[in-house]
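Visitor: Chains A and B supply the protein sequences, listed in that same order. Quick note on the numbering used here: the first sequence kicks off at 3 and runs consecutively. Quick note on the numbering used here: the second sequence kicks off at 43 and runs consecutively. Here's a structure for you.
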Amino acid sequence: MTYSFPILSFIVFTPLLGMIVVMLLNRERVTAIRWMSAVFAFITMIFTLIVLKDYDSSTASMQFMESFNWIPSINASYLLGVDGISVPMLLLTSLLSLVAIVISFNITNRVKEYFAFFLLLECGMLGVFVALDFFLFYVFWEVMLVPMYFLIGIWGGPRREYAAIKFFLYTLFGSIFMLVAILVMYFTSDPHTLSMIELIKTAPTFSRGVQIFAFAFFFIAFAIKVPVWPFHTWLPDAHVEAPTAISIILAGVLLKMGTYGMLRVSWAMLPQGLHYFAVPIAILGLIGIIYGALVSMAQKDLKKLVAYSSVSHMGYCMVALAAYGSVTAIAGCMFQLVSHGLITGAMFLLVGVLYDRAHTREIAAFGGLANKLPVFTGIFTLFGMASLGLPGMSGFISEFMVFVGSFKAYPIIVGLAVLGVVLTAAYILRMIQKIFLGEFDIAKWGGLTEINLREILCVSPLAILTIFIGVYPKPLADLMRATLENLVVLMAR
Amino acid sequence: MLDKAFIIPFLPLAAFIAIVFFTNRREKLSAGLAIGAVAVAWVMSIVCLIEMLGYHGEGAFQLEQAFDIVTFQNFRLELGVLLDPLTALMLIVVTTVSLMVHIYSLGYMHGDIRFSRFFAYLALFTFAMLGLVLANNFFLIFIFWELVGLTSYLLIGFWYEKKSAADAGKKAFITTKIGDLGFTVGILMMGMFLGTFNYIEVFDKIAAGQLSGGVLTTMAILIFCGAVGKSAQVPLHVWLPDAMEGPTPVSALIHAATMVAAGVFLVARSMTIFMASPDGAMVVAVIGMVTSIFAASIALVQNDIKRILAYSTLSQLGYMIMALGLGGYTAGMFHLMTHAFFKALLFLGAGSVIHAVHTNDIQEMGGLSRKMKITTVTFIIASLSISGIFPLSGFWSKDEIIATASHQPIFLIVSLLVAFMTAFYMFRLCFLTFSGTPRNQHAYDHAHESPRSMTWPLMFLAVLSVVAGWVGIPWLSHGFSSFVYHGEPHHVKPEIILMVASTVVALLGIGLAYLMYYRGAISPQAMGARFKPLYTLLYHKYYVDEFYDAVIIKPVFAATRFLWKFDAKVIDGFVNLNASSTLRLADIKNWFDIHIVDGIVNGLGLITGAASSALRLIQTGRLAHYLLAVLFGLIMMGLLSSSNLLNWILWQIGLQ
Chain A
3 MTYSFPILSF
13 IVFTPLLGMI
23 VVMLLNRERV
33 TAIRWMSAVF
43 AFITMIFTLI
53 VLKDYDSSTA
63 SMQFMESFNW
73 IPSINASYLL
83 GVDGISVPML
93 LLTSLLSLVA
103 IVISFNITNR
113 VKEYFAFFLL
123 LECGMLGVFV
133 ALDFFLFYVF
143 WEVMLVPMYF
153 LIGIWGGPRR
163 EYAAIKFFLY
173 TLFGSIFMLV
183 AILVMYFTSD
193 PHTLSMIELI
203 KTAPTFSRGV
213 QIFAFAFFFI
223 AFAIKVPVWP
233 FHTWLPDAHV
243 EAPTAISIIL
253 AGVLLKMGTY
263 GMLRVSWAML
273 PQGLHYFAVP
283 IAILGLIGII
293 YGALVSMAQK
303 DLKKLVAYSS
313 VSHMGYCMVA
323 LAAYGSVTAI
333 AGCMFQLVSH
343 GLITGAMFLL
353 VGVLYDRAHT
363 REIAAFGGLA
373 NKLPVFTGIF
383 TLFGMASLGL
393 PGMSGFISEF
403 MVFVGSFKAY
413 PIIVGLAVLG
423 VVLTAAYILR
433 MIQKIFLGEF
443 DIAKWGGLTE
453 INLREILCVS
463 PLAILTIFIG
473 VYPKPLADLM
483 RATLENLVVL
493 MAR
Chain B
43 MLDKAFIIPF
53 LPLAAFIAIV
63 FFTNRREKLS
73 AGLAIGAVAV
83 AWVMSIVCLI
93 EMLGYHGEGA
103 FQLEQAFDIV
113 TFQNFRLELG
123 VLLDPLTALM
133 LIVVTTVSLM
143 VHIYSLGYMH
153 GDIRFSRFFA
163 YLALFTFAML
173 GLVLANNFFL
183 IFIFWELVGL
193 TSYLLIGFWY
203 EKKSAADAGK
213 KAFITTKIGD
223 LGFTVGILMM
233 GMFLGTFNYI
243 EVFDKIAAGQ
253 LSGGVLTTMA
263 ILIFCGAVGK
273 SAQVPLHVWL
283 PDAMEGPTPV
293 SALIHAATMV
303 AAGVFLVARS
313 MTIFMASPDG
323 AMVVAVIGMV
333 TSIFAASIAL
343 VQNDIKRILA
353 YSTLSQLGYM
363 IMALGLGGYT
373 AGMFHLMTHA
383 FFKALLFLGA
393 GSVIHAVHTN
403 DIQEMGGLSR
413 KMKITTVTFI
423 IASLSISGIF
433 PLSGFWSKDE
443 IIATASHQPI
453 FLIVSLLVAF
463 MTAFYMFRLC
473 FLTFSGTPRN
483 QHAYDHAHES
493 PRSMTWPLMF
503 LAVLSVVAGW
513 VGIPWLSHGF
523 SSFVYHGEPH
533 HVKPEIILMV
543 ASTVVALLGI
553 GLAYLMYYRG
563 AISPQAMGAR
573 FKPLYTLLYH
583 KYYVDEFYDA
593 VIIKPVFAAT
603 RFLWKFDAKV
613 IDGFVNLNAS
623 STLRLADIKN
633 WFDIHIVDGI
643 VNGLGLITGA
653 ASSALRLIQT
663 GRLAHYLLAV
673 LFGLIMMGLL
683 SSSNLLNWIL
693 WQIGLQ
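Here it is as structure tokens:
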């Protein structure tokens with residue numbers, strides 16, 4: 003599809019423009035900086051909505067393509083485009099970025115740098131989801147790391163430096179594997195190319211050994227981001243130390259990049275590698291589901307509990323991705339990405355709301371808050387229920403599709419994975435009970451204030467979408483159908 | 043009206059939304075909205091039933107309306123309703139009890155700080171329960187199945203300041219969820235082997251023999267797991283007695299009449315599956331039988347009025363499940379209906395008593411009949427009905443179950459034994475509560491009859507407890523069995539001998555209770571002492587909770603703590619070990635750099651310095667010496683170039 007207007011470039015670079023504008027503002031004008039950031043994030047979101055409106059979901063081909071020859075000597079081009087798996091990710095990213103910016107209005111330390119870094123981060127994230135050239139993809143992938151490092155390292159909690167360095171080095175470690183795999187792809191292809199579109203066509207003809215090797219290297223890079231057990235330990239540290247907005251972005255967007263990368267790159271390009279590793283991947287997913295849930299149950303820190311729940315929830319994606327023969331499973335994985343982004347994003351937001359007031363996240367410190375904070379309790383419970391996969395919310399639809407889709411390929415693994423649902427219910431209900439139910443300690447928490455309007459405004463789009471997708475998943479399914487059906491054909495090669 | 047039936051669940055849902063977002067602060071209006079919505083739903087359900095009774099076509103009435111919400115290749119999820127006699131019956135049961143409970147709650151919950159919210163939750167529950175009975179496919183019933191579980195959780199823990207209430211809510215949710223695991227996998231199998239979740243399609247395919255043997259039996263048993271959780275059958279029964287922590291109207295609506303009957307409904311709905319799998323049906327029958335006697339025996343010795351009723355509910359649900367397992371579709375559903383009315387009445391009556399004396403312990407009661415006439419009379423009517431006394435509704439439905447069980451001796455004996463126990467524990471309860479002298483004078487003095495909003499529902503349900511069973515009198519030509527049936531309508535033959543036997547058994551039970559607790563002719567204490575081990579075992583409910591705590595809950599928590607340590611120490615330890623060993627490696631490199639690499643550089647410097655000092659010796663500054671050296675060099679070069687010497691040297695060092 004040709005589009006007269008380079009809308010994808012506008013999506014990616016509007017935040018960058020926002021960053022420049024924010025940097026030009028006087029650092030004393032805090033309000034202006036906040037609102038300017040929000041406006042740029044909002045404009046970006048409008049652009050992504052335009053893409054959604056004009057996206058033709060009847061075809062699997064790339065749309066809104068932009069291309070020009072960038073570095074001819076290595077055949078690297080500036081190649082952008084979207085299909086049914088990147089459009090939902092774009093929307094999720096732009097929405098969560100806006101929410102995260104607005105929830106960050108209470109940041110008072112080095113405001114200008116904070117929002118500048120944040121907008122740079124948004125640029126990098128959006129870039130990853132539209133880049134169709136490996137060189138560009140890699141650049142965006144790495145661009146995200148730098149602002150993320152500073153956002154955790156400067157605005158984070160007490161152990162922020164450890165967490166920031168751990169996140170940075172761990173991800174960089176993965177990136178090296180990706181770089182090697184990209185070079186393998188480049189030098190094996192004939193003529194040498196970095197275009198993903200070309201490689202999706204030609205890479206399956208590579209020898210089985212090359213495919214397995216490249217697949218394994220890509221997998222390590224992406225698995226760290228997901229995170230797949232046992233590459234997950236950077237996540238709780240990064241989450242706990244990161245400021246609220248960054249936790250939202252980490253859970254809502256960064257984790258999705260790993261899965262997105264798998265689908266876009268290794269799953270589509272290296273079917274032989276996929277077939278070779280599918281069973282181990284399903285097992286890793288299962289371990290993640292059960293292990294993440296059990297470890298969540300042992301947590302005393304609320305934020306860490308939510309962080310480990312992500313390990314468990316992303317495990318469903320891995321089981322689904324291992325069942326590459328089923329459109330339903332892959333669709334379930336995509337639904338889970340969107341749903342987990344919304345739900346866990348909202349959970350981190352709410353944990354932040356509580357932390358801002360109570361200055362502690364220790365679960366045992368609370369009790370009976372339902373009496374003092376009825377609205378907050380209601381919203382928190384809603385997302386708690388969404389997280390444990392209550393029907394009527396997006397998490398249920400995605401888990402159900404994952405189960406139905408993967409059951410044929412892995413009946414035993416799925417049969418065991420269902421156990422995760424009960425464990426999830428157990429730790430979520432325990433958490434809700436300990437924080438909100440029981441006796442209220444008025445001397446200790448009498449001063450807590452109810453969730454404010456700005457925070458409600460931030461969380462409500464997430465709540466509405468969670469319920470909407472849960473009740474009527476058809477629009478999202480239709481958006482992705484053609485792409486996913488094509489993808490399953492590609493993966494079966 | 044039948045094609046508009048899908049509107050019915052949305053009425054209470056609208057009330058829920060309105061209360062939560064708009065009228066939360068206006069208690070009267072909130073209650074009015076909820077009651078109004080349920081009342082309209084009740085009227086619509088009655089109209090539906092009447093219209094369906096007027097249908098005289100081929101076979102049973104059936105109407106399906108549905109639309110898709112997701113489709114992927116062979117995967118399809120749909121929202122839709124299926125109306126047939128089973129649904130119509132359940133609509134009546136749910137809306138009737140729900141309406142009575144809503145009205146009753148006006149009085150019972152009066153003055154509660156979360157009055158509006160209570161009605162919101164009740165309305166939400168009613169929505170979910172109506173959705174459950176109207177669903178046209180297994181995916182959708184599962185959705186509502188979980189939603190009723192949520193509302194049950196919220197309502198059990200309604201007084202969440204009490205730890206026991208919050209604990210009970212959590213326990214209920216998680217225990218039923220364990221049953222739902224099986225249900226989920228059963229549904230997954232259905233999707234895999236039959237490619238559809240739609241009731242009609244699934245049943246057609248199974249009736250056509252598309253699935254058989256072990257796979258079918260496994261699927262049937264897995265689906266039944268869901269019913270075991272929801273209907274609190276052994277071994278997942280432990281949550282229901284604890285659920286009595288909820289407000290009593292909730293116990294009546296959710297934990298006696300409707301939600302816990304959802305398991306029975308599920309089995310009835312899936313009757314085709316169980317009939318195609320005799321092994322699956324036998325599992326159902328045995329679980330139901332075990333539960334019925336297991337729970338009835340516990341009820342014999344308990345002292346908490348609501349817990350006695352809870353165990354009674356377990357036992358009666360077991361009865362229904364047993365009947366369904368034995369193929370008694372009509373009998374099971376018939377008893378579900380009559381039980382819903384008299385058990386709701388019993389709970390509401392118990393609530394009325396608790397409201398008056400502020401205790402649940404029947405040993406603290408006594409003589410209340412003098413203070414609470416309406417409560418006493420209606421409670422005794424319900425007790426007679428559940429005991430199966432002619433001609434109350436319980437008599438007819440219980441009799442059909444016993445008739446179903448009569449083909450196999452063991453089932454017959456157990457069902458008669460359960461009938462005896464039921465009559466006994468119900469009248470033990472009645473005598474201890476209403477007759478004799480007050481054992482707690484203080485409580486007795488403050489006791490009073492409940493307000494009219496509470497007594498009217500009691501009276502209404504008392505009427506139903508008497509007459510509802512009359513629709514199933516075996517001598518009727520167009521009775522219950524020609525409306526709600528599976529396969530072909532079958533006419534129940536009136537079994538006079540069984541009727542007499544069950545009546546005798548019930549009267550024996552009542553008589554024994556009369557002797558022990560009214561006349562005092564047999565001392566309960568002496569009986570308890572005489573059968574001490576048995577009494578203790580029953581009193582502690584067979585120690586099932588203690589067993590689960592030791593075998594499941596403690597190990598799971600131990601596992602969570604172990605894995606958390608494992609994660610921090612081993613997995614993350616490995617990551618940190620890599621980091622720290624990288625740092626140590628860097629230290630070693632640093633040392634190497636300083637001492638070796640730099641040492642070489644510095645050493646070279648030293649050598650150069652020394653060499654130059656040495657070479658300085660030949661820098662004599664005399665021209666003659668230099669010229670001599672140049673001459674020597676020229677001679678050497680001449681020699682080298684003129685011979686093969688250079689080639690030889692180059693060859694030796696491998697350059698040529």
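Heads up, the beta-carbon is just placed ideally off N, CA and C, and yes, glycines get one too.
#1: Along the stretch 592-609 of chain B, where does the CB come closer than 7 Å to a CB of chain A? Name the residues.
#2: Give the secondary structure of A/Thr195 by DSSP, where H, G and I count as helix, E and B as strand, and everything else as coil.
#3: Going by DSSP, name the residue or residues bridged to A/Glu68.
#4: Using the Cβ count rule (16 or more neighbours within 10 Å means buried), how would you classify B/His397?
#5: My guess is that A/Leu92 and A/Thr50 are in contact by the Cβ rule of under 8 Å, so how many angstroms apart are they, rounded?
#6: Listed in chain order, which residues of the stretch 106-118 of chain B have Cβ atoms closer than 9 Å to some Cβ of chain A?
#7: Please state the DSSP three-state secondary structure of B/Gly122.
#8: What residue from A/Glu144, A/Phe350, A/Leu467, A/Ala244 has the CA that sits closest to A/Ile156's CA?
#9: Using the DSSP secondary-structure output, state which residues sit across from A/Asp303 in a beta bridge.
#10: Roughly how many angstroms separate the alpha carbons of B/Pro277 and B/Val270, rounded to a whole number?
#11: Give me the DSSP bridge partner(s) of B/Phe389.
#12: Between the beta-carbon of A/Leu134 and the beta-carbon of A/Ser209, is there less than 8 Å?
#13: Does the stretch 102-117 of chain A touch the stretch 83-92 of chain A, meaning 3 or more C-beta pairs lie closer than 8 Å?
#14: Comparing C-alpha positions only, which one of B/Met317, B/Val586, B/Glu243, B/Asp487 sits nearest to B/Arg118?
#15: With a threshold of 8 Å between beta carbons, is B/Met234 in contact with chain A?
#16: If you reduce the DSSP assignment to three classes, tell me which class A/Ile458 lands in.
#17: List the endpoints of the continuous alpha helix (DSSP H) containing A/Val228.
#18: So the candidates are B/Phe103, B/Thr624, B/His152; which of them puts its Cα closest to the Cα of B/Pro493?
#19: Taking Cβ to Cβ, would you say A/Met433 is nearer than 8 Å to A/Ile365?
#20: If we ignore side chains and look at the alpha-carbon of each, how far apart do B/Leu454 and B/Glu537 end up?
#21: Since A/Val24 and A/Ile13 should fall inside the 8 Å C-beta cutoff, what is the C-beta to C-beta distance between them, to a whole number of angstroms?
#22: If I measure Cβ to Cβ from B/Arg704 and keep anything under 6 Å in the same chain, skipping five residues before and after, which residues do I get?
#23: Note the first and the last residue of the continuous alpha helix (DSSP H) segment covering B/Glu243.
#24: Cβ of B/His377 within 8 Å of Cβ of B/Ser439?
#25: Tell me, which residues are paired with B/Glu106 by DSSP?
#26: Listing by chain order, which chain A residues have their CB less than 8 Å from the CB of B/Phe215?
#27: My output table needs one value for B/Thr113: the three-state DSSP class, helix, strand or coil.
#28: Out of B/Thr355, B/Ser354, B/Gln275, B/Ala294, which has the shortest C-alpha to C-alpha gap to B/Ile329?
#29: Out of A/Glu457, A/Pro475, A/Glu30, which one is the CA nearest neighbour of A/Ala247?
#30: DSSP three-state label for A/Asp135, please.
#31: Counting only Cβ pairs nearer than 7 Å, list the residues of chain B close to A/Gly370.
#32: Alpha carbon to alpha carbon, what distance is there between B/Tyr353 and B/Phe573?
#33: Relative to the alpha-carbon of A/Val355, which residue among A/Ile453, A/Thr426, A/Phe405 has its alpha-carbon at the smallest distance?
#34: Taking its Cβ as the centre, do 16 or more other Cβ atoms sit within 10 Å of A/Gln274, making it buried, or is it exposed?
#35: Helix, strand or coil: which one does DSSP assign to B/Ile564?
#36: Examine chain B for any beta-carbon lying closer than 8 Å to the beta-carbon of A/Lys476, and answer yes or no.
Guide: Result, derived from the coordinates:
#1: Per Cβ criterion, the list reads Ala601, Thr602, Arg603, Leu605, Trp606, Asp609.
#2: Looking up residue 195 of chain A in the first sequence gives position 193. Assigned with DSSP and collapsed to three states, A/Thr195 falls in coil, not helix or strand.
#3: Numbered from 1 along the first sequence, position 66 holds the residue referred to as residue 68 of chain A. Note: A/Glu68 sits in a beta bridge opposite A/Leu82.
#4: Translated into positions along the second sequence, residue 397 of chain B becomes position 355. Buried, because 16 or more other Cβ atoms sit within 10 Å of the Cβ of B/His397.
#5: Position 90 of the first sequence, counting from 1, holds the residue named residue 92 of chain A. Position 48 of the first sequence, counting from 1, holds the residue named residue 50 of chain A. Confirmed, about 5 Å.
#6: Close to chain A, meaning a Cβ-Cβ distance shorter than 9 Å, are the following residues of the stretch 106-118 of chain B: Asp110, Ile111, Val112, Thr113, Phe114, Gln115, Asn116, Phe117.
#7: Locating residue 122 of chain B in the second sequence gives position 80, where the first residue counts as 1. It is a strand residue.
#8: Start at 1 with the first residue of the first sequence, and residue 156 of chain A comes out as number 154. If you compare the alpha carbons of A/Glu144, A/Phe350, A/Leu467, A/Ala244 with that of A/Ile156, the shortest gap goes to A/Ala244.
#9: As a working mapping, residue 303 of chain A is identified with position 301 in the first sequence. In DSSP, A/Asp303 forms a bridge with A/Glu364.
#10: To locate residue 277 of chain B, count along the second sequence from 1; it is residue 235. To locate residue 270 of chain B, count along the second sequence from 1; it is residue 228. Their backbone Cα atoms lie some 8 Å apart in a straight line.
#11: Start at 1 with the first residue of the second sequence, and residue 389 of chain B comes out as number 347. Partner(s): none; B/Phe389 has no beta bridge.
#12: In the first sequence, the residue the question calls residue 134 of chain A occupies position 132. In the first sequence, the residue the question calls residue 209 of chain A occupies position 207. Taking 8 Å as the Cβ cut-off, A/Leu134 and A/Ser209 do not qualify as a contacting pair.
#13: No, the stretch 83-92 of chain A is not in contact with the stretch 102-117 of chain A.
#14: Reading the second sequence from its first residue, position 76 is the one you call residue 118 of chain B. Selected option, being the one with the closest Cα: B/Glu243.
#15: Position 192 of the second sequence, counting from 1, holds the residue named residue 234 of chain B. Taking Cβ atoms only, chain A reaches closer than 8 Å to B/Met234, which makes this a yes.
#16: Walking along the first sequence from the start, residue 458 of chain A turns up at place 456. In the structure shown, A/Ile458 sits in a helix (DSSP, three-state: H, G or I).
#17: Taking the first sequence and counting its residues from 1, one reaches residue 228 of chain A at position 226. Per DSSP, A/Val228 belongs to no alpha helix (DSSP H) and is neither H nor E.
#18: Position 451 of the second sequence, counted from the first residue, corresponds to residue 493 of chain B. The option with the nearest alpha carbon to B/Pro493 is B/His152.
#19: Within the first sequence, the letter at position 431 stands for residue 433 of chain A. Within the first sequence, the letter at position 363 stands for residue 365 of chain A. Going by C-beta atoms, A/Met433 is nearer than 8 Å to A/Ile365.
#20: As a working note, residue 454 of chain B is residue 412 in the second sequence. As a working note, residue 537 of chain B is residue 495 in the second sequence. Take the alpha-carbon of B/Leu454 and the one of B/Glu537: they are about 13 Å apart.
#21: Start at 1 with the first residue of the first sequence, and residue 24 of chain A comes out as number 22. Start at 1 with the first residue of the first sequence, and residue 13 of chain A comes out as number 11. No, A/Val24 and A/Ile13 are not in contact; Cβ-Cβ is about 18 Å, not under 8 Å.
#22: The shown model of chain B, from 43 to 698, leaves out residue 704 of chain B, and the question about it has no answer.
#23: On the second sequence, position 201 is the one that residue 243 of chain B refers to. 241-249 is the span of the alpha helix (DSSP H), which, as asked, contains B/Glu243.
#24: As a working mapping, residue 377 of chain B is identified with position 335 in the second sequence. As a working mapping, residue 439 of chain B is identified with position 397 in the second sequence. Their beta carbons are under 8 Å apart, which means B/His377 touches B/Ser439 by this criterion.
#25: Against the second sequence, residue 106 of chain B aligns to sequence position 64. In the DSSP output, where bridge partners are listed per residue, B/Glu106 has B/Leu124.
#26: Numbered from 1 along the second sequence, position 173 holds the residue referred to as residue 215 of chain B. The contacting residues are Ala427, Leu431.
#27: Translated into the one-based positions of the second sequence, residue 113 of chain B becomes position 71. Looking at B/Thr113 - three-state DSSP - the assignment turns out to be strand.
#28: One-based indexing of the second sequence puts residue 329 of chain B at position 287. The residue with the shortest Cα to Cα distance from B/Ile329 is B/Gln275.
#29: Here residue 247 of chain A corresponds to residue number 245 of the first sequence, with the count starting at 1. Taking each of A/Glu457, A/Pro475, A/Glu30 in turn and checking the Cα distance to A/Ala247, the smallest one comes out for A/Glu457.
#30: In the first sequence, the residue the question calls residue 135 of chain A occupies position 133. Taken through DSSP and simplified to helix, strand or coil, A/Asp135 comes out as strand.
#31: The residue labelled residue 370 of chain A in the question sits at position 368 within the first sequence. Contact of A/Gly370 with chain B by beta-carbon distance below 7 Å involves Glu203.
#32: As a working mapping, residue 573 of chain B is identified with position 531 in the second sequence. As a working mapping, residue 353 of chain B is identified with position 311 in the second sequence. For B/Phe573 and B/Tyr353, the gap between their C-alpha atoms comes out near 21 Å.
#33: Here residue 355 of chain A corresponds to residue number 353 of the first sequence, with the count starting at 1. Ranked by Cα distance from A/Val355, the first of A/Ile453, A/Thr426, A/Phe405 is A/Ile453.
#34: For the purposes of this step, residue 274 of chain A is taken as residue 272 along the first sequence, with counting starting at 1. That one is buried.
#35: Taking the second sequence and counting its residues from 1, one reaches residue 564 of chain B at position 522. Note: B/Ile564 maps to coil in three-state DSSP.
#36: Here residue 476 of chain A refers to the residue found at position 474 of the first sequence. With 8 Å as the cut-off, A/Lys476 counts as an interface residue toward chain B.
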